[in-house]
Amino acid sequence: MSKLEIAALMRRAEAFWAKTDRTGSCWLWLPPLDREGYGRFVVDKVHFYAHRYAYLITAGPIPDGMHLDHVCHTRDAQCAGGKGCLHRRCVNPDHLEAVTPRENALRSNSPFAIAARRTHCPQGHPYDEANTVRCKEGRQCRTCLQERAERRRDQGRALRAQREALRRIENPPPAVGQIWQDVDPRSHGRTVRIVEISETHAVVVLHERLGSATSGRRTRVRLHRFRPRRGYRYLGTN
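First residue of the sequence shown: 13, per our numbering; consecutive thereafter.
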């Protein structure tokens with residue numbers, strides 16, 4: 013912005029200050045506010061935010077890419093911010109500071125800013141370069157992520173062990189004296205009793221059907237078939 017443009021704006025300075033209440037520390041804008049709670053001032057059909065105009069005529073142009081921070085709001089820990097924040101109405105140049113957009117956001121009391129100011133995770137681990145994982149959700153603690161992953165692995169191992177224990181109760185490893193039932197519908201519920209066992213096969217005595225007398229006929233069955241989905245279902249011992 014040129015000096016001539018600034019001089020043109022300065023001609024409206026008296027009218028601008030007449031619209032403010034400067035009795036307190038914060039100089040409040042008195043005319044109606046916009047929907048976001050900020051004051052507006054018009055110079056030669058150009059609309060300015062009231063606080064930006066105040067900074068412009070007292071401190072000069074705002075550097076490119078910079079935002080104006082209301083330091084009075086930053087110091088007020090009780091102010092919740094938002095559209096009802098009285099500090100948005102403040103046009104006191106001493107309460108305005110040109111800062112980067114990131115710094116302006118970090119100075120606020122928003123959940124994002126509060127989280128960004130934390131130096132440690134809820135478990136007390138530092139948010140340093142080595143222990144910080146950055147993702148689209150924000151910062152995460154590397155130590156906590158590793159601990160959660162280890163807990164999930166432990167839970168998975170415990171669940172698999174529990175399932176295996178139940179499976180062994182329902183379908184124990186083949187052994188001599190056990191009674192198994194053929195699950196093939198074509199067998200019509202035929203049962204067998206294991207009488208001998210080797211590393212790969214079991215020698216079984218065939219029954220015609222469950223509860224019948226032993227037929228006496230023997231046959232060899234591969235051990236891997238003694239599972240419900242492989243061919244035989246465990247019934248008990250005899």
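No residue lacks a Cβ here, since even glycine has one placed at the ideal position from N, Cα and C.
If you look at GLY168, you'll find it in the alpha helix (DSSP H) that goes 154-182. With distances taken between CA atoms, LYS57 lies nearest to ARG24 out of ARG24, ALA170, ARG151, GLN135. MET22 and GLY96 have their C-alpha atoms spaced approximately 29 Å apart.
In the DSSP assignment, THR212 forms no beta bridge with any residue. Closest in C-alpha terms to HIS99, from the list ARG114, LEU80, VAL111, comes LEU80. Scanning the segment 30-84 for uninterrupted alpha helix (DSSP H) segments of 4 residues or longer gives 62-71, listed from N- to C-terminal end. Just measuring C-alpha positions, the residue of PRO197, ALA214, THR35 sitting nearest VAL188 is ALA214. Under DSSP, ARG230 forms a beta bridge with VAL217. The three-state reading of DSSP puts HIS99 in helix, counting H, G and I together. The shortest C-alpha to C-alpha distance from VAL207 to any of ALA110, PRO186, ALA92 is the one to PRO186.
Assigned with DSSP and collapsed to three states, THR131 falls in coil, not helix or strand.
Counting C-beta pairs closer than 8 Å gives three or more between the segment 72-87 and the segment 111-128, which meets the contact rule. Beta-bridge analysis with DSSP links GLU109 to ASP81. CA-CA distance, ARG160 to LEU218, rounds to 52 Å. By the neighbour-count criterion, in which a residue is buried when 16 or more other Cβ atoms sit within 10 angstroms of its Cβ, GLY51 is buried.
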